[in-house]
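A short write-up of the structure that comes next.
Residue numbers (our numbering): 19 to 148.
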């Protein structure tokens, strides 16, 4: 599995959750940075050619999606397409990481919106196809 691509797509997935209400807030971005630094980086061993931990691609891609004003739907579609093409790379551990960090971003405001719930449903259904 190419960790860099996985983490980039995870960044899009987290962006999809954050942008589900069409507004990525500073609190969501701060939470994303916390997740990357304290959860994803410690568990990832691969680095790119510059020595950057692959987990940072989650944050990089989230920032790119924000700058490009990607829609939540576009970001989710990209992640789902990746998940379908790399189904064999999604171990139970990777699936649980995705779901857990999605939950953490969604929990920034203590409740899930209908749009966030729909994203969770789509991702869980895709993961069950493995």
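Note that CB positions come from ideal geometry on N, CA and C, so glycine has one too. In this text the structure is predicted, and so the values were computed from the model without any measurement.
### Message
Quick check: the Cα distance between residue 82 and residue 52, rounded to an integer number of angstroms?
### Response
Pairing residue 82 with residue 52, the inter-Cα distance amounts to about 18 Å.
### Message
Along the chain, where does the alpha helix (DSSP H) containing residue 27 start, and where does it finish?
### Response
For residue 27, the enclosing alpha helix (DSSP H) has its first and last residue at 21 to 36.
### Message
Between the alpha carbons of residue 34 and residue 73, how many angstroms are there, rounded?
### Response
Just so you know, the alpha carbons of residue 34 and residue 73 end up roughly 18 Å apart.
### Query
Which residue comes first and which comes last in the alpha helix (DSSP H) that contains residue 120?
In this chain, the alpha helix (DSSP H) harbouring residue 120 covers 110 to 124.
### Task
Answer yes if the stretch 19 to 26 comes into contact with the stretch 86 to 93, meaning at least three C-beta pairs across the two stretches below 8 Å, and no otherwise.
no
### Query
CB residue 31 to CB residue 120, shorter than 8 Å?
Cβ atoms of residue 31 and residue 120: closer than 8 Å.
### Task
Go through its chain and collect everything with a Cβ distance to residue 131's Cβ below 7 Å, but skip five positions before and after it.
38 and 39
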